[in-house]
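Colleague: Quick one: the structure is below, and I'll ask about it shortly.
2 protein chains.
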Amino acid sequence: MTLAQPSRTNTKDDLRTHARHLFAQHGYEGVSMRDIAGSVGIRQSAIYNHFPSKQHLLVDLMENHMRRLLEAMRVSVGPTGTPKERLTAFARFHVTYHIDQPEDVFLAYMELRSLEPDGRRAILPLRDAYEQTLRDILETGAKDGTFRLTDCAVVSRALLAMLTGVTVWFREPGRLDRDTVAETYVNTVLQAVGCTPSQ
Amino acid sequence: MTLAQPSRTNTKDDLRTHARHLFAQHGYEGVSMRDIAGSVGIRQSAIYNHFPSKQHLLVDLMENHMRRLLEAMRVSVGPTGTPKERLTAFARFHVTYHIDQPEDVFLAYMELRSLEPDGRRAILPLRDAYEQTLRDILETGAKDGTFRLTDCAVVSRALLAMLTGVTVWFREPGRLDRDTVAETYVNTVLQAVGCTPSQ
DNA sequence: AGTGTTAGTGAACACTCGTTCTCGGACCTG
DNA sequence: CAGGTCCGAGAACGAGTGTTCACTAACACT
Chain A
1 MTLAQPSRTN TKDDLRTHAR HLFAQHGYEG VSMRDIAGSV GIRQSAIYNH
51 FPSKQHLLVD LMENHMRRLL EAMRVSVGPT GTPKERLTAF ARFHVTYHID
101 QPEDVFLAYM ELRSLEPDGR RAILPLRDAY EQTLRDILET GAKDGTFRLT
151 DCAVVSRALL AMLTGVTVWF REPGRLDRDT VAETYVNTVL QAVGCTPSQ
Chain B
200 MTLAQPSRTN TKDDLRTHAR HLFAQHGYEG VSMRDIAGSV GIRQSAIYNH
250 FPSKQHLLVD LMENHMRRLL EAMRVSVGPT GTPKERLTAF ARFHVTYHID
300 QPEDVFLAYM ELRSLEPDGR RAILPLRDAY EQTLRDILET GAKDGTFRLT
350 DCAVVSRALL AMLTGVTVWF REPGRLDRDT VAETYVNTVL QAVGCTPSQ
């Protein structure tokens with residue numbers, strides 16, 4: 001066994017990339033194994049050398065995405081700082097990450113319903129951990145008077161839906177660039193929790 | 200031809216109801232004509248006495264929904280009033296309507312990609328008209344100084360995504376009732392545009 | 001040289017898909 | 001009673017579904 005398998009065949013990653021693209025475009029049910037194979041340039045039967053089933057392929061994509069998202073968020077937001085600083089970092093991170101990885105995000109958001117129970121059990125805790133981080137920030141800020149908001153649980157979900165929505169309309173290049181859009185969302189989020197964005 | 204067809208056979212409406220339910224649950228591609236027919240209690244071939252194709256059935260559902268949504272919104276929001284009043288009415292309407300008709304809403308939001316060009320041409324203008332109403336409110340309020348916001352186009356999309364997101368988590372009965380949730384969203388929206396909600 | 005692994009092919013399996021066709025009762029109208 | 005319309009059943013169409021199979025060329029390791 002080689003230590004770090006050298007320039008391993010990239011078919012598996014190709015499959016991931018093309019499947020992600022197709023799933024995001026047509027939905028899980030709307031894409032066939034032949035579509036995916038054809039997009040990569042192999043026959044459908046060869047997919048089964050890399051993934052045991054279509055469902056496993058979907059779970060692989062979603063789980064990898066959620067782990068990367070969670071890890072990147074924790075790096076960007078960090079465990080310390082004032083609630084306002086952390087909320088700003090969270091919002092900026094979420095929007096830019098979603099702009100940069102729209103297909104991953106879209107998939108994870110839309111295809112939860114296509115997951116069979118096993119996959120669901122693997123994905124939901126990751127999503128919950130992500131959402132919990134935002135809720136914790138809001139609760140800390142609400143307690144110490146930084147934020148003015150009615151209900152942390154509802155507002156955290158509301159903010160998350162707002163931030164995630166950027167994937168629906170944003171396309172580069174457009175009237176606004178990535179960072180300008182992110183700052184607009186950051187300002188709106190801060191105002192939404194009763195915090196003046198400036199200064 | 201009868202004037203107002205008396206107690207017309209209800210199969211067509213049954214088909215609409217059950218198809219809406221199934222599409223919302225499993226997605227357009229994930230539901231077969233046999234599933235829909237079985238749910239209503241007829242064979243799949245009988246559907247074609249009422250709708251010429253599966254695609255027409257989807258377009259029928261989406262178009263009816265968008266027309267009802269647009270009409271109901273115009274009744275609730277009205278053409279006059281201060282920007283703050285109109286934004287409040289819009290947010291309250293949007294959340295309560297989405298809570299009451301979650302399947303219709305979910306369908307219209309998620310299955311745009313399942314529409315073939317003809318259907319798309321029928322639906323998109325209706326959706327655009329709806330969104331334009333919110334944008335007009337924001338622009339009026341931004342111009343007269345009621346609202347403090349960075350970019351009307353971005354913020355209107357952000358708010359709409361936030362409000363629509365209520366369908367993802369809200370289930371009755373829960374910790375909060377319909378109207379309490381709606382008021383939480385109204386407050387958050389008002390703060391998001393730099394407006395104090397109270398008074 | 002011989003062995004096992006990896007990653008392809010092409011054919012086939014058992015179904016399911018949306019749709020079309022023929023047919024037959026139920027009902028309304030003259 | 002006769003004719004037409006509506007709405008259902010049942011069978012069938014060709015195409016497409018996820019998956020499995022036997023097989024093979026290329027490569028790595030002893």
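First to last, the protein sequences are chains A and B.
Be aware that the first sequence starts at 1, since it is given in the numbering used here, and climbs by one per residue.
Be aware that the second sequence starts at 200, since it is given in the numbering used here, and climbs by one per residue.
Every residue gets a Cβ at the ideal spot worked out from N, C-alpha and C, and that includes glycine.
1. Return the residues of the region 275 to 293 of chain B that lie within a Cβ-Cβ distance of less than 8 Å from chain A, sorted by chain order.
2. Have a look at residue 224 of chain B and residue 158 of chain A and give me their C-alpha separation to the nearest angstrom.
3. Chain A beta carbons: is any one of them nearer than 9 Å to that of residue 382 of chain B?
4. Near residue 155 of chain A, what residues of its chain come up, given a Cβ to Cβ distance below 8 Å and the 5 sequence neighbours on each side ignored?
5. What is the DSSP secondary structure of residue 31 of chain A, counted as helix, strand or coil?
6. Residue 279 of chain B: buried (16+ other C-beta within 10 angstroms of its C-beta) or exposed?
7. What does residue 315 of chain B reach in chain A if we use C-beta pairs closer than 7 Å?
8. Name the two residues that bound the continuous alpha helix (DSSP H) containing residue 247 of chain A.
9. When burial is assigned at 16 or more other CB atoms within 10 Å of the CB, is residue 41 of chain A buried or exposed?
10. Could you confirm whether any beta carbon from chain A is found closer than 9 Å to the beta carbon of residue 363 of chain B?
11. Around the C-beta of residue 75 of chain A, are 16 or more other C-beta atoms found within 10 angstroms, so that it is buried, or is it exposed?
12. Using the beta-carbon count (16 or more within 10 Å), is residue 45 of chain A buried or exposed?
13. With a threshold of 9 Å between beta-carbons, can residue 239 of chain B be considered close to chain A, or not?
14. Taking 9 Å as the threshold (C-beta atoms), are residue 381 of chain B and residue 294 of chain B in contact?
15. So which of A/165, A/124, A/115 has the shortest CA-CA distance to residue 106 of chain A?
16. Taking three-plus beta-carbon pairs below 8 Å as touching, is the region 242 to 257 of chain B in contact with the region 280 to 291 of chain B?
17. Using a Cβ-Cβ cutoff of less than 7 Å, which residues in the same chain neighbour residue 227 of chain B once the five nearest sequence positions on both sides are dropped?
18. Counting pairs of Cβ atoms below 8 Å between the region 60 to 78 of chain A and the region 118 to 131 of chain A, do you hit three or more?
19. What is the rounded straight-line gap between the Cα of residue 117 of chain A and the Cα of residue 196 of chain A?
20. Measure the C-alpha to C-alpha separation of residue 53 of chain A and residue 35 of chain A and round it to an integer number of angstroms.
21. Determine the DSSP secondary structure at residue 345 of chain B, reduced to helix, strand or coil.
22. Spatial neighbours of residue 330 of chain B within its chain, please: C-beta separation below 8 Å, excluding the five flanking residues on both sides.
23. If you scan the region 272 to 314 of chain B from start to end, which runs of the beta strand (DSSP E) of 3 or more residues do you find wholly inside it?
24. For the region 118 to 181 of chain A, which segments carrying the alpha helix (DSSP H) assignment without a break, of at least 4 residues, lie completely within its bounds, in sequence order?
25. For chain A, is any of its Cβ atoms less than 9 Å away from the one on residue 340 of chain B?
26. Beta carbon of residue 61 of chain A, beta carbon of residue 20 of chain A: below 9 Å?
27. Show which residues of chain B have a CB atom less than 7 Å away from the CB atom of residue 194 of chain A.
28. Measure the C-alpha to C-alpha separation of residue 38 of chain A and residue 297 of chain B and round it to an integer number of angstroms.
29. Could you name the residues of the same chain whose beta carbon sits closer than 7 Å to that of residue 351 of chain B, not counting the 5 residues immediately before and after it, in chain order?
30. Mind checking whether residue 185 of chain A and residue 89 of chain A have CB atoms under 9 Å apart?
31. Quick one, are the C-beta atoms of residue 388 of chain B and residue 332 of chain B less than 9 Å apart?
Modeller: On the basis of the supplied data:
1. none
2. Translated into positions along the second sequence, residue 224 of chain B becomes position 25. Translated into positions along the first sequence, residue 158 of chain A becomes position 158. Between the C-alpha atoms of residue 224 of chain B and residue 158 of chain A there is a straight-line separation of about 22 Å.
3. The count along the second sequence starts at 1 and reaches residue 382 of chain B at position 183. So, interface residue.
4. Here residue 155 of chain A refers to the residue found at position 155 of the first sequence. So the list reads 138, 149, 192, 193, once near-sequence residues are dropped.
5. On the first sequence, residue 31 of chain A is found 31 positions in, with the first residue counted as 1. Coil at residue 31 of chain A, not helix or strand.
6. As a first step, residue 279 of chain B must be located in the second sequence, where it is residue number 80. Classification for residue 279 of chain B: exposed.
7. Counting from one through the second sequence, the residue named residue 315 of chain B turns up at place 116. The contacting residues do not exist; residue 315 of chain B stays about 12 Å from chain A at best.
8. Nothing can be reported for residue 247 of chain A: it is not among the residues displayed for chain A, which extend from 1 to 199.
9. On the first sequence, residue 41 of chain A is found 41 positions in, with the first residue counted as 1. Classification for residue 41 of chain A: exposed.
10. The sequence position of residue 363 of chain B within the second sequence is 164, counting from 1. At least one chain A Cβ lies under 9 Å of residue 363 of chain B.
11. The sequence position of residue 75 of chain A within the first sequence is 75, counting from 1. The residue is exposed, with fewer than 16 neighbouring Cβ atoms inside 10 Å.
12. By one-based count along the first sequence, residue 45 of chain A stands at place 45. Of the residues assessed, residue 45 of chain A falls on the exposed side of the cut-off, its CB having fewer than 16 other CB atoms within 10 angstroms.
13. The residue labelled residue 239 of chain B in the question sits at position 40 within the second sequence. Answer no: the Cβ-Cβ gap between residue 239 of chain B and chain A never drops below 9 Å.
14. To locate residue 294 of chain B, count along the second sequence from 1; it is residue 95. To locate residue 381 of chain B, count along the second sequence from 1; it is residue 182. Yes, they are a contact pair.
15. Here residue 106 of chain A corresponds to residue number 106 of the first sequence, with the count starting at 1. Cα-wise, what sits closest to residue 106 of chain A is A/165.
16. Segment contact: the region 242 to 257 of chain B against the region 280 to 291 of chain B, fewer than three CB-CB distances shorter than 8 Å; contact not assigned.
17. Position 28 of the second sequence, counting from 1, holds the residue named residue 227 of chain B. If we look at residue 227 of chain B and ignore the five residues flanking it on each side, its Cβ neighbours are 257, 310, 313.
18. With a cut-off of 8 Å, the region 118 to 131 of chain A and the region 60 to 78 of chain A count as touching, because enough Cβ pairs lie within range.
19. The residue labelled residue 117 of chain A in the question sits at position 117 within the first sequence. The residue labelled residue 196 of chain A in the question sits at position 196 within the first sequence. Their Cα atoms are separated by approximately 43 Å.
20. Taking the first residue of the first sequence as position 1, residue 53 of chain A is located at position 53. Taking the first residue of the first sequence as position 1, residue 35 of chain A is located at position 35. In a straight line, the C-alpha of residue 53 of chain A is about 14 Å away from that of residue 35 of chain A.
21. Taking the first residue of the second sequence as 1, we reach residue 345 of chain B at position 146. The answer is coil: DSSP assigns residue 345 of chain B none of H, G, I, E or B.
22. Along the second sequence, one-based indexing puts residue 330 of chain B at 131. 355, 356, 359.
23. none
24. 152 to 164, 166 to 169, all fully within the region 118 to 181 of chain A.
25. Here residue 340 of chain B corresponds to residue number 141 of the second sequence, with the count starting at 1. Chain A, which has no Cβ nearer than 9 Å to the Cβ of residue 340 of chain B, makes this no.
26. The residue you call residue 61 of chain A lines up with position 61 of the first sequence. The residue you call residue 20 of chain A lines up with position 20 of the first sequence. Going by C-beta atoms, residue 61 of chain A is nearer than 9 Å to residue 20 of chain A.
27. In the first sequence, the residue the question calls residue 194 of chain A occupies position 194. Per Cβ cutoff of 7 Å: 390.
28. Taking the first residue of the first sequence as 1, we reach residue 38 of chain A at position 38. Taking the first residue of the second sequence as 1, we reach residue 297 of chain B at position 98. For residue 38 of chain A and residue 297 of chain B, the distance between alpha carbons rounds to 40 Å.
29. Along the second sequence, read from residue 1 onward, the residue named residue 351 of chain B stands at position 152. Within the same chain, residue 351 of chain B has close Cβ partners 334, 337, 338, 341.
30. Locating residue 185 of chain A in the first sequence gives position 185, where the first residue counts as 1. Locating residue 89 of chain A in the first sequence gives position 89, where the first residue counts as 1. In this structure, residue 89 of chain A does not lie closer than 9 Å to residue 185 of chain A by Cβ.
31. Position 189 of the second sequence, counted from the first residue, corresponds to residue 388 of chain B. Position 133 of the second sequence, counted from the first residue, corresponds to residue 332 of chain B. No, these two residues do not count as a Cβ contact at 9 Å.
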